[in-house]
Each structure stands twice: as structure tokens, then as C-alpha cells.
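Structure first, then comments.
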Amino acid sequence: MMVDVKKVAENIWEIPKTGKMNVPGRIFASDKLMEKIKMDKTMEQVKNVACLQGIQGYSIACPDCHQGYGFSIGGVAAFDVNEGIISPGGVGYDINCSVRMLKTNIPVDVFMKKQKEAVDALFRVVPTGAGKRGAMTLEKEELMDLMGKGARWMVNKGYGTKDDYIYTESEGKLDGDPSEVSELALRRGMPQLGSLGSGNHFVEVQAVDKIFDPKVSKVFGISNDNFITLMIHCGSRGMGHQVASDFIRSMEKKYGFANLPDRELINAPITSQIGQKYVKAMNAAANFAFANKQLITHNIREEFGKIFGDYDVGVLYDICHNIAKFEKHKIDGSVKEVCVHRKGATRSFGPGRKELPEKYQGVGQPVLIPGSMGTSSYLLVGTEKAEEVSFASTAHGAGRVMSRNQAMRDFNKADIVKDLEAKKVYLRGASKRGIVEESPGVYKDVDEVVRVSDALGIGNLVVKVKPLGVIKG
Amino acid sequence: MQFSWDEISEMLYRGVVWIVGVKSLLYDFLEQLVVLLNEGFLLHHVSMIKIEKETSLKATVVGDMIDEKYDVNSEVKAITYHDMEVKKLKGKYMIQVIVDI
């Protein structure tokens, strides 16, 4: 399908409202990024989402957007809470796939002296890859309690500190109801706590490479003192995947999909019983993801304590990029509550939002954008501009440009490891194929993605970090 | 005769039961394999499969529990309906499924 798109300003492209579209589409991308975006079904998917009931403003795609299932990855769509819909496909199968950034006072040279030992230790204490048991196995009753409480559950049990959840989005707890989660989803989640999973999930140790905004980075606790940082990227594991599948199935049964341009766009009115049940189940799965990363954080902290001695490892921030949230936004001059779906997009609140930790309210929310394996990652800050133009959203990563099979044909593990070694990055991966499929060459240029975010002012550059060690699934 | 809106949509749903049925059945079957993989079971092959009226499916699956001797590429998050195709070609079925990994 040919999609009509026109450039309306630098880095802004518009798909005009035609046919069954309720709103126009907007893609935030440079000419360079747009070349790739035009090659897959992203624009068609942005257009399809614009047809959904109750959508507000624009159907949006962020600079790292690429083709997904139904909704594009990098897609943002806000729906009227009374007239609109909620869609499991608009959240994604990995509910609360998210990034947590840790700051430390461990000097880079101290880390590098024990680089291999430390990365091997991470690989040992954070189970990665398929079919592995997690670091903690819970019985059903305990698991349900955890899914009501999120990161706090772990901290209450001694796995972490209060500041860990204070510096997590929504303090690591959404309004979820575990009784809306199926037995099967619970069963899939029970043995997986503390594990990373596979695909593009990772834990990375990093060094500060460049500070763009010293004032804001100071508020976030990052300085030029050459301390390591870490990023943890993972989601709600089998639990969240099953919640998504369960609700896709039950929404299909209830509403059918005959009128949808794509079966993966299945949805339910937000106010319907099934819509409300999905919100409760999605939030419970999100809480599982928050708790999971809390346990991973604790295990990293303990292990680094043994290796490096008495240093601080604290949470800088933890932010979702696969979630639907109820937020107040200014639409046509008046403030309105909407349900913002972000599928592979990061919330980007500017200064003054009461949802942020007090310490960050003066500058805005930390936005965490990991690059691909071996490339730089970025810490950005949310803006008022994002609240005006993108329902407070920006990119979430580099964005895939090459299929996994193509990667297997074009790259091999030995070359990738050698290339990383040349950059002094030590990598441990659960599977050979996993490493090749995630090689930097299959992703868009993260530097270009964040440059566009910064140029548009929907997420401004604060700090660039480079990898020192990676574990991946 | 009068119907409520809910009843009508239910009837429409039944009206297209072949297409709905066979893809949903495929989805449900593959999802069971995802759950097994989730629990550490690596599928080698399906030794028996019996489909009745495109609404029920029984299968015997053969495989092994995952341990060090396997280099498992990836977990599967979910089965998707994205570009799913089920076509009958010369008495056999051609199936295309994209999984989320």
C-alpha cells in the first residue's frame, strides 16, 4: 500500500487524514531515518492506528520507529478515556519492557582491572537466555502479592532500598489486580524472577563518554568523575507475554476483528469490562517487570560489593517503553485525561510534572535510550515541548533495520566479539545466534535517533555513555 | 425477530468460523509450545497430530529438557497473527506464522 506522506517541517512528516482515519499521522524523523522507514510497513501501520476509535491529536511514530505487529514499534497513540479504546497490541507482548539505569561511584579504572571477573559474575547472577530458571521462584500466592506491589515487594523483603523504587517510574507500582491475570500467565512467571530473557535484553556496564548538559546531569547524579554506570533492559518475561496473548484472544471473542485493517490491532473500549480487566492485568504484569528489575539490581549490587568492595550502586531512573498509561495532556488548549499507548516509545515528561521524583521535578524526567550492543547509549531529559507535540514521548532505542535472518547471513560471532574486544568491551552471551542477531549492524544509528529527538526538543541530550561490558540473552 | 448487539456480533463470529477457527486453533497450539519452551522443554518434533472439525487439536510432542548441550537461540515471547497465512495447496496446508522473539 502506498502511503501519502509530506514533510511539514524539519524532522516532521505528516500522513494526511484520509478515508477512515480519525486523525492525521505524524512521523518524527530526519531525511536519513525516513529513507529506512519508507522501506517497511511503518507508515501503513501509523495510518491504521489513526483509524482506531477515540484517538486524539495524531497517530505518532518516534525517530526509531520500524514495522511491528499491528502498531509500529516507536508508535504513540493517545485515546479519549470515555470514547476511546485500549489495545494489547498497542502496548506490545512484552508489557513494561523497560530500562533501568544505575549510577555508581566505582571508578572506570577500578572496574577495568576486574572487567572479565565482574562481567562473568553478572552472567552468573542474572540468568539469561531461553529456558533458564530465574534467581527466585515464588509460589502462586506470593507471586500475586508481588504483582500487586511491584518493586516495593522486593524492597520490603530486603532486596534493595527505598530509593530504588522512589527513582522508578510510578515508584515501581501501577494500579494492577493480579486476580485478572490467568493461571497460565502466573505459571509462566513463577520461575522467572530475576532473569533477563533473550532477544535484545541485556545488562551493560558503561563509562561516561560525553556530558552535553552538566547542569541536568548533576541533578541526575552523573558527573565527569569517570565512574561506571549500568543499564538493565528487560520486561515482564513469560508473564507479560501471556497476559497480552490472553487478552488478544478474549477481545477477539468479544468484538471480532472483521472490521480491523490488521488482526493485531484488536482492542476494546476503555470503559468496557474487558478493557478495564486488561488495564488491571497489564498493570499487574508491569509490576512483575518492576520487581524483576529490582531483584536483578539487588543481585548486581551484592555481586559488585563482593568484587569491588564498599561502593554505592543506586538507581538513577527506571522507565517503561511498552505500556499504556492514563495521563493528563493539553489537547486543543484544554487539559484532558487520555490513555497513552507507548509501544517502543519512552515517556518524556518535562519539568514540574508531579509524577516525577521530587529531586527531578525542576529539570524533567530522565529518558533512557540504550543503543545496540557495542554502541553508545544515551541519557536524555524530558521536555515541555514533548508534552505539546508527542504526548510526552520520544524514542526508546536504535530501532531494527535488518531482519534476524539477514543478520545471520551477513555477520558472524567471531567478528563481532573481535570488534568488541578491539573497543575493550567484554561480552558474555547465552547463545551464539543471539549475539549475531543483535550485532550493531542490524540497528539504525542510535546517534542519529537521539540527534533528531534533541533537535525536535522532544527529549534533550544530557549524557552519552559507552559500553565496557555486556551480558545478553 | 430482535437481537441485541452482542448476540449479532456473536452470530457474525460463528458465520466465519472456518477462517477464525483454523487460525485460532493454530495460534492456540503454537502457544502451548511456547509455554513448554518457557518451562525448559525444547521441541524436537510433533509425532502425532489430530485435528477435529477445526475446533480441537490433539498432539504428541517429542523433545528434551534444555541443558548445557543445547545452544538455544531465543525464547519466543508470543505467537502473532501478523501476516499469518493458512492455505490449502494440493491437499496439503501451507502455514506461515511470525513469532515475537
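Chains as they are written, first to last, in the working numbering: chain A, 2 to 474; chain B, 17 to 117. Glycine residues also receive a C-beta, built at the ideal position from the N, C-alpha and C atoms.
- Under the DSSP assignment, A:N461 falls in the beta strand (DSSP E) whose first and last residues are N461 to K473.
- Scanning the stretch 355-409 of chain A for uninterrupted beta strand (DSSP E) segments of 3 residues or longer gives 367-370 and 378-382, listed from N- to C-terminal end.
- No Cβ of chain B is located within less than 8 Å of the beta carbon of A:H234.
- Of all residues in the stretch 94-118 of chain A, the ones placed with a Cβ closer than 8 Å to any Cβ belonging to chain B are Y94 and D95, in chain order.
- In this structure, A:G400 keeps its C-beta atom at 8 Å or more from the C-beta atom of A:C98.
- Looking from the CA of A:I38, the closest CA among A:V126, A:D446, A:K216 and A:I212 belongs to A:D446.
- If you look at A:F228, you'll find it in the beta strand (DSSP E) that goes F228 to C235.
- At a cut-off of 8 Å between beta-carbon atoms, A:Y444 makes no contact with chain B.
- For A:Y427, the uninterrupted beta strand (DSSP E) run begins and ends at Y427 to G430, by DSSP.
- Of all residues in the stretch 184-217 of chain A, only L185, R188, R189, P192, Q193, G198, S199 and G200 come within less than 9 Å of chain B when Cβ atoms are compared, listed by chain position.
- Identification of chain B residues near A:E265 by a Cβ-Cβ cut-off of 7 Å yields T96, Y97 and H98, ordered along the chain.
- Distances from the CA of A:K424 to each of A:L381, A:V471 and A:F412 were compared; the closest alpha carbon is that of A:V471.
- Residues of chain A whose Cβ lies closer than 9 Å to the Cβ of B:E91 are, in chain order, G130, A131, G132, G198, S199, G200, R238, G239, H242 and G474.
- Per DSSP, the continuous beta strand (DSSP E) segment holding A:L317 begins and ends at V314 to C321.
- Sequence-distant partners of A:K414 (beyond 5 residues in either direction) whose C-beta falls short of 6 Å from its own C-beta, in its chain, are K433, I436 and V437.
- Within the stretch 24-71 of chain A, the complete alpha helix (DSSP H) runs of at least 4 residues fall at 32-38 and 43-51.
- Against chain A, the beta carbon of B:I67 has no neighbour under 7 Å; the closest one sits roughly 19 Å away.
- When A:P64, A:M35, A:K33 and A:Q68 are compared, the shortest CA-CA separation from A:Q46 is found for A:Q68.
- For the stretch 45-70 of chain B, the set of positions with a beta-carbon nearer than 9 Å to some beta-carbon of chain A reads E47, V50, V51, L53, N54, E55, G56, F57 and L58 in chain order.
- A:V280 and A:I86 do not touch by the CB rule: their CB atoms are close to 12 Å apart, not below 8 Å.
- Using beta-carbon distances, A:A245 counts as an interface residue toward chain B, with a partner under 8 Å.
- Shown here is that no member of the stretch 277-309 of chain A has a Cβ falling below 7 Å from a Cβ of chain B.
- For A:D210, the three-state secondary structure derived from DSSP is strand.
- The beta carbon of A:R434 falls within 8 Å of a beta carbon belonging to chain B, placing the residue at that interface.
- The Cβ atoms of A:I332 and A:T384 do not sit closer than 8 Å to each other.
- Boundaries cannot be given for A:L139, as no alpha helix (DSSP H) includes it and DSSP labels it neither H nor E.
- Listed along chain B, the residues sitting closer than 7 Å to A:Y70 by beta-carbon distance are T96, H98 and D116.
- Here DSSP, grouped into helix, strand and coil, assigns A:Q193 to coil.
- Per DSSP, the unbroken beta strand (DSSP E) holding B:I65 starts and ends at F57 to E68.
- Scanning its chain for C-beta atoms nearer than 7 Å, with the 5 sequence neighbours on each side dropped, one finds around A:D165 the residues A152, V156, Q295, T298 and V316, in chain order.
- In the structure shown, the three-state DSSP call for A:T162 is coil.
- Contact between A:V204 and A:L197 holds, since their C-beta atoms are separated by about 7 Å, short of 8 Å.
- A residue is called buried once 16 or more other Cβ atoms fall within 10 Å of its Cβ, and A:K355, having fewer, is exposed.
- Taking a beta-carbon distance threshold of 8 Å, B:D87 counts as an interface residue toward chain A.
- The continuous stretches of beta strand (DSSP E) do not include A:E253, which lies in the alpha helix (DSSP H) extending over residues R238 to Y256.
- The count of Cβ pairs closer than 8 Å, one atom from the stretch 240-255 of chain A and one from the stretch 268-285 of chain A, reaches three, so the stretches are in contact.
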